[in-house]
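> For any residue, its number in this note's numbering is found by taking its place in the sequence shown, counting from 1, and adding 510.
C-beta: ideal position from N, C-alpha, C; glycine also.
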Amino acid sequence: MKVAFFDTKSYDRRAFESVGESEDIEFKFFESKLNLDTASLAFGCEGVCIFVNDTADSQVIDKLYELGVKLIALRCAGYNNVDVRHAFGKIHVFHVPAYSPHAVAEHAMALLLTSIRRIHKAYIRTRDFNFSLDGLTGFDLYGKTVGIVGTGRIGKAFADICKGFGMNVLAYDKYPDSELSVRYVTLDELLGCSEIISLHCPLNKETYHMIDSNAIEKMKKGAVIINTSRGALIDADELLEGIKSRKIGAACLDVYEEEADIFFEDFSGHIVDDDTIARLISMPNVIVTSHQAFLTNEALENIAETTVENIKAFYKNGTCKNELCYRCGKASHCGDGSRPEKCF
Ligand code: NAI
511 MKVAFFDTKS
521 YDRRAFESVG
531 ESEDIEFKFF
541 ESKLNLDTAS
551 LAFGCEGVCI
561 FVNDTADSQV
571 IDKLYELGVK
581 LIALRCAGYN
591 NVDVRHAFGK
601 IHVFHVPAYS
611 PHAVAEHAMA
621 LLLTSIRRIH
631 KAYIRTRDFN
641 FSLDGLTGFD
651 LYGKTVGIVG
661 TGRIGKAFAD
671 ICKGFGMNVL
681 AYDKYPDSEL
691 SVRYVTLDEL
701 LGCSEIISLH
711 CPLNKETYHM
721 IDSNAIEKMK
731 KGAVIINTSR
741 GALIDADELL
751 EGIKSRKIGA
761 ACLDVYEEEA
771 DIFFEDFSGH
781 IVDDDTIARL
791 ISMPNVIVTS
801 HQAFLTNEAL
811 ENIAETTVEN
821 IKAFYKNGTC
831 KNELCYRCGK
841 ASHCGDGSRP
851 EKCF
């Protein structure tokens, strides 16, 4: 079976080639991202395999359907870039619900420590044999309050890490987990009480720009924001204003709302047109990584294995346990069958 693999990077190819070959799946690797202009590359393929910045909106889905594509295999957890509703009745959509929540949670903590202990500044100094400590004063995490928005797989793993640091953990989730030993509060209370706020909920209509000037207004002065989830959870322009006004103490961003045209590519030596990301990166208290939180050997292996299992299960049974609301659009056919809202 042939699967068109969009937005291919060398590390994807290494991970997928070996797993795919042994299962008789032929991946056709393309560097282009999936969009209306590139969808025709899937000609002759029964499936497409896509990542976070590929676009599978209604027009792309119609084009793929015309070409005879039967499945979209997301090699990631989030699926805000796929019009799952529109795919209903046309193309089956699968994702990889969990490949390493630890990879993302550990990256969130790495960003936090780097930022508040000024490691990014110290690294550059000592490479230049500048051993002065002026301007590198940080603060202890021990005893500080962290507010975690979204206590699913990644949020839970992050909560455990924070507890290990002796932090007080507050949480907000639309569907609180009664078995988790954290104190659930309202979003407003979390914003008002936390020194550090980390976002781990999905992007959907409800969570779009959940961190805007209003939310920033409610935060403590000097609050640190971490976003390893999806860029558009934060209104980047309003975050920038919060930083310029000194209300926000630091921002640790692995995702950015306009990342699709920038992240994963080398723009060194080019002029970046996006003034918001350029200004954010220029700030001494902002750290940006390029949607890197998932990138560990363990996660890449799990992603490749689960994606191939999803494709194989589809060919055998016509569906698979990681399918997103294809058959009837109802909760019972969601990946984990528990929460209809999470798909739409
Ligand atoms: P998950 O589905 O296990 O957990 C998401 C949690 O958010 C659930 O507990 C859910 O109840 C909660 N939630 C849903 N709507 C909410 C709302 N309106 N307000 C507050 N909470 C809400 O997902 P998981 O695996 O923990 O992933 C979280 C997000 O991390 C994904 O949606 C994805 O966008 C992002 N991600 C980023 C990666 C990166 O490399 N930066 C890699 C993997 C995931």
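Can you tell me whether residue 794 is buried or exposed? The criterion is at least 16 other CB atoms within 10 Å of its CB, across all chains shown.
Taking the first residue of the sequence shown as 1, we reach residue 794 at position 284. So residue 794 counts as exposed.
> What does the Cβ neighbour count give for residue 752, buried or exposed, with the cut at 16 atoms within 10 Å?
For the purposes of this step, residue 752 is taken as the residue at position 242 of the sequence shown. Buried: at least 16 other Cβ atoms inside 10 Å.
> Could you name the residues of the same chain whose beta carbon sits closer than 7 Å to that of residue 838, not counting the 5 residues immediately before and after it, in chain order?
Against the sequence shown, residue 838 aligns to sequence position 328. Caution is warranted here: a pLDDT of 42 is assigned to residue 838, below 50, making its placement in the model unreliable, and no coordinate value can be reported.
> Starting from residue 533, trace the beta strand (DSSP E) both ways and give me its first and last residue.
Numbered from its first residue, the sequence shown carries residue 533 at position 23. Premise fails: residue 533 is in no beta strand (DSSP E) and is neither H nor E.
> Could you tell me the alpha carbon to alpha carbon distance between residue 849 and residue 644, rounded to whole angstroms?
Translated into the one-based positions of the sequence shown, residue 849 becomes position 339. Translated into the one-based positions of the sequence shown, residue 644 becomes position 134. A caution first: residue 849 carries a pLDDT of 37, below 50, which makes its placement in the model too unreliable to give a value.
> With respect to 7 Å, is the separation between the Cβ of residue 684 and the closest non-hydrogen atom of the ligand NAI below this value?
Translated into the one-based positions of the sequence shown, residue 684 becomes position 174. Yes, the beta carbon of residue 684 sits closer than 7 Å to at least one heavy atom of the ligand NAI.
> Can you say whether residue 602 is buried or exposed, counting buried as having 16 or more other CB atoms within 10 angstroms of its CB?
Here the question's residue 602 lines up with position 92 in the sequence shown. That one is buried.
> Grab me the residues of residue 646's own chain with a C-beta within less than 7 Å of its C-beta, minus the 5 sequence neighbours each way, in chain order.
By one-based count along the sequence shown, residue 646 stands at place 136. Around residue 646: 628, 631, 632.
> So what's residue 762 in DSSP terms, helix, strand or just coil?
Along the sequence shown, read from residue 1 onward, the residue named residue 762 stands at position 252. In the structure shown, residue 762 sits in a strand (DSSP, three-state: E or B).
> Measuring CA to CA, which of 625, 696, 604 is closest to residue 825?
Mapped onto the sequence shown, residue 825 falls at position 315. Nearest C-alpha to residue 825: 604.
> Can you tell me whether residue 659 sits near the ligand NAI, meaning its C-beta is under 7 Å from at least one heavy atom of the ligand?
Residue numbering aside, residue 659 sits at position 149 when the sequence shown is read from its first letter. True, at least one ligand heavy atom lies under 7 Å from that Cβ.
> Use the C-beta contact count for residue 859: other C-beta atoms within 10 angstroms, 16 or more gives buried, fewer gives exposed.
The first residue shown for the chain is 511 and the last is 854, placing residue 859 beyond what the model contains.
> The ligand NAI and residue 576: does any heavy atom of the ligand fall closer than 7 Å to the residue's C-beta?
Stepping through the sequence shown from its first residue, residue 576 is reached at position 66. Answer for residue 576: no, Cβ out of range of the ligand NAI.
> At 4 residues or longer, and completely inside the stretch 575 to 621: list those alpha helix (DSSP H) runs for me, N to C.
If we require 4 residues or more, the alpha helix (DSSP H) runs fully inside the stretch 575 to 621 come out as 594 to 597.
> Nearest-angstrom Cα distance between residue 692 and residue 657?
Along the sequence shown, one-based indexing puts residue 692 at 182. Along the sequence shown, one-based indexing puts residue 657 at 147. Residue 692 and residue 657: Cα-Cα distance of roughly 10 Å.
> In angstroms, rounded to a whole number, what distance separates the CA positions of residue 757 and residue 743?
Residue 757 sits at position 247 when you count from the first residue of the sequence shown. Residue 743 sits at position 233 when you count from the first residue of the sequence shown. Their backbone Cα atoms lie some 19 Å apart in a straight line.
> With respect to the alpha helix (DSSP H) encompassing residue 632, which residues constitute its N-terminal and C-terminal limits?
On the sequence shown, position 122 is the one that residue 632 refers to. Looking at the DSSP string, the run of the alpha helix (DSSP H) that includes residue 632 is 629 to 637.
> Measure the beta-carbon distance from residue 516 to residue 558 and round it to whole angstroms, keeping in mind my assumption that it falls under 8 Å.
Counted from its first residue, the sequence shown places residue 516 at position 6. Counted from its first residue, the sequence shown places residue 558 at position 48. That belief holds up - the Cβ atoms of residue 516 and residue 558 are roughly 6 Å apart, short of 8 Å.
> Check residue 563 in the structure and name its three-state DSSP category.
Residue mapping note: residue 563 aligns to position 53 of the sequence shown, counting from 1. Here residue 563 sits in coil by DSSP.
> Taking 7 Å as the cut-off, is the beta-carbon of residue 614 closer than that to any non-hydrogen atom of the ligand NAI?
In the sequence shown, counting from the first residue as 1, residue 614 sits at position 104. The answer is yes for residue 614.
> Sort out for me which residues DSSP pairs residue 682 with in a bridge.
Here residue 682 refers to the residue found at position 172 of the sequence shown. In DSSP, residue 682 forms a bridge with 659.
> Assign residue 780 to buried or exposed, taking buried as 16 or more other Cβ atoms, counted over all protein chains shown, within 10 Å of its Cβ.
Indexing the sequence shown from 1 puts residue 780 at position 270. Exposed.
> Rounded to whole angstroms, what is the Cα-Cα separation between residue 746 and residue 827?
Working through the sequence shown from its first residue, we reach residue 746 at position 236. Working through the sequence shown from its first residue, we reach residue 827 at position 317. Cα to Cα, residue 746 sits roughly 43 Å from residue 827.
> Can you say whether residue 641 is buried or exposed, counting buried as having 16 or more other CB atoms within 10 angstroms of its CB?
Along the sequence shown, read from residue 1 onward, the residue named residue 641 stands at position 131. By the 10 Å Cβ count, residue 641 comes out exposed.
> Under 8 Å between the Cβ atoms of residue 584 and residue 764?
As a first step, residue 584 is located in the sequence shown; it is residue number 74 there, counting from the start. As a first step, residue 764 is located in the sequence shown; it is residue number 254 there, counting from the start. Result no, Cβ atoms of residue 584 and residue 764 do not sit closer than 8 Å.
> Nearest-angstrom Cα distance between residue 851 and residue 568?
Residue mapping note: residue 851 aligns to position 341 of the sequence shown, counting from 1. Residue mapping note: residue 568 aligns to position 58 of the sequence shown, counting from 1. The pLDDT assigned to residue 851 is 39, lower than 50, so where the model puts this residue is not dependable; a value taken from the coordinates is nonetheless given after this. Their backbone Cα atoms lie some 19 Å apart in a straight line.
> Name the residue from 734, 551, 588 whose alpha carbon lies nearest to the alpha carbon of residue 623.
By one-based count along the sequence shown, residue 623 stands at place 113. Taking only the C-alpha atoms, the option nearest residue 623 is 734.
> Rounded to a whole number of angstroms, what is the C-alpha to C-alpha distance between residue 596 and residue 566?
For the purposes of this step, residue 596 is taken as the residue at position 86 of the sequence shown. For the purposes of this step, residue 566 is taken as the residue at position 56 of the sequence shown. Residue 596 and residue 566: Cα-Cα distance of roughly 10 Å.
> Can residue 728 and residue 750 be called in contact, C-beta distance under 8 Å?
By one-based count along the sequence shown, residue 728 stands at place 218. By one-based count along the sequence shown, residue 750 stands at place 240. No, Cβ-Cβ distance for residue 728 and residue 750 is not below 8 Å.
> Which residue or residues does DSSP assign as beta-bridge partners of residue 707?
Working through the sequence shown from its first residue, we reach residue 707 at position 197. Answer by DSSP bridge pairing, in chain order: 657, 735.
> Which one of 739, 772, 755, 717 has the shortest CA to CA distance from residue 762?
Locating residue 762 in the sequence shown gives position 252, counting from the first residue. Nearest C-alpha to residue 762: 739.
> From the DSSP output, read off the bridge partner residues of residue 557.
Taking the first residue of the sequence shown as position 1, residue 557 is located at position 47. Answer is 513, 581.
> In three-state DSSP terms, what is residue 692?
By one-based count along the sequence shown, residue 692 stands at place 182. Correct three-state label for residue 692: coil.
> Within 7 Å: the Cβ of residue 672 and any heavy atom of the ligand NAI?
Locating residue 672 in the sequence shown gives position 162, where the first residue counts as 1. No, the Cβ of residue 672 stays beyond 7 Å of every heavy atom of the ligand NAI.
> So, is residue 782 buried or exposed, given that buried needs 16 or more other C-beta atoms within 10 angstroms?
Walking along the sequence shown from the start, residue 782 turns up at place 272. Burial call: exposed.
> Return yes when at least one heavy atom of the ligand NAI lies under 7 Å from the C-beta of residue 711, else no.
The residue labelled residue 711 in the question sits at position 201 within the sequence shown. For the ligand NAI, at least one heavy atom lies less than 7 Å from the Cβ of residue 711.
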